[in-house]
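Here the sequence shown stands for residues 0 to 269, numbered as in numbering that gives the first Met the number 0.
Remarks on the structure that follows.
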Amino acid sequence: MKQKSSHFLLFATIIIIFGACTPQKQLIYFQNDTPKDSTYTYVYPKDKSEFSQPYTLTENDELYINIIAPDPDNQEMFGKITVGSGSNATEMSIYMNSYTIDAKGNITIPALEPIYVKGLTLEEARIAIENAAKEIAFDAVVVCKLVNFRVDILGEINRPGKYSYYQDKVSIWDAISNAGDLTYFANRASIKIIRKEKSKDVIYTLDLRSADILQDPNYFLKSGDVIYVEPNKSTKAFSNFNIPMGTIASSLSVISAAISLVLLVVTLKK
């Protein structure tokens, strides 16, 4: 009777531990129905290269602006309103010297009239600034970059935190790879994106397991997004204790050895 109870205890322990493990299928990205040796291709509708809309500027966005004029006399004038200091500029210096879009949608650059850029793409804003600069110097060239694209990522991620990007297009994969990928316990089928839209907060959900994520309008993030990676329900109990698989395997070996020893002692006593 004792022998049967011991065997049952060992069996139950193994079932509970491995039953809590996540199936491999839940951990794989970009799954699709095509054969493994085939190429998965998605053809976008006519006149589309992606589903996400280009990033458009809004109030409180910060822009790095560098006005360059080949003419030395003009460059001397524009040198006073050039932001940053080339390759030696630090993130803090660029931020502190950037131009912020005000509540009216304008940026105000010394020697130029206020320029309305709200609702424009970064390239459209660059052209608008360049046109304004050319009223003073016909050969002026403008470099314009977004410097406040920041995303928060937390939850079951290896390096949670706030990340800054110096580009206007950041995909969900950019954010995840920058943060060291998801943990083993992450629920890849339910990645939450919390986004502020006008006077409301909206939560979107992405499924990283599906190759169709490339078609999702939220594939590209927006500045200020918060990404939350929730735990997988089947491994939630173990994630709370943060037990590595190696530790689980070692524990099973110890339990098995202990039960075998008990059974041996019981057998010798008979």
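All C-beta atoms, glycine included, are put in the ideal place defined by N, C-alpha and C.
| said: My assumption, with CB atoms under 8 angstroms, is that residue 155 sits in contact with residue 189. Please give the rounded CB distance. | reply: At roughly 11 angstroms, the Cβ-Cβ gap does not stay under 8 angstroms, so residue 155 and residue 189 are not in contact.
| field | Buried versus exposed, by CB contacts within 10 Å (16 or more), residue 115 | value | So residue 115 counts as exposed.
| Closest Cβ-Cβ distance between residue 166 and chain D: below 8 angstroms? | Chain labels in this structure do not include chain D; a single protein chain is all it has.
| request: List the endpoints of the continuous alpha helix (DSSP H) containing residue 100. | output: Counting along the chain, residue 100 sits inside no alpha helix (DSSP H), nor does DSSP assign it H or E at all.
| Just the Cα atoms here: how many angstroms apart are residue 148 and residue 163? | Straight-line Cα distance between these residues: approximately 6 angstroms.
| query | Roughly how many angstroms lie between the CA atoms of residue 92 and residue 63, to the nearest whole one? | reply | About 10 angstroms.
| request: Just the C-alpha distance for residue 146 and residue 152, rounded to the nearest angstrom, thanks. | output: Straight across, the Cα-Cα distance linking residue 146 with residue 152 is about 18 angstroms.
| query | Quick one: Cα of residue 58 to Cα of residue 105, how far? | reply | So the two alpha carbons sit approximately 8 angstroms from each other.
| task | State the Cα-Cα distance for the pair residue 186 and residue 213, rounded to the nearest angstrom. | result | The alpha-carbon atoms of residue 186 and residue 213 are separated by roughly 19 angstroms.
| message | For residue 280 and residue 95, I'd like the C-alpha separation in whole angstroms. | response | Absent from the model: residue 280. The displayed extent of the chain is 0 to 269, so no value can be given.
| query | Whole beta strand (DSSP E) runs in the region 148-223 with 3 or more residues, listed along the chain? | reply | You should have 148-154, 160-164, 185-196 and 199-205.
| Three-pair Cβ contact test at 8 angstroms for the region 165-177 versus the region 134-141 | Using a C-beta cut-off of 8 angstroms, the region 165-177 makes no contact with the region 134-141, since fewer than three inter-stretch Cβ pairs fall below that distance.
| In terms of DSSP beta bridges, what is residue 144 paired with? | Partner(s): 63.
| request: Below 6 angstroms CB to CB, which residues in the same chain sit around residue 202 once its five sequence neighbours on both sides are set aside? | output: Correct list, in chain order: 191 and 193.
| field | Beta-carbon separation (whole angstroms), residue 111 vs residue 56, contact threshold 8 angstroms | value | In fact, because the Cβ distance is near 17 angstroms, the residues do not count as touching under 8 angstroms.
| query | Between which two residues does the alpha helix (DSSP H) carrying residue 129 extend? | reply | Taken as a continuous stretch (DSSP letters only), the alpha helix (DSSP H) holding residue 129 covers 121-133.
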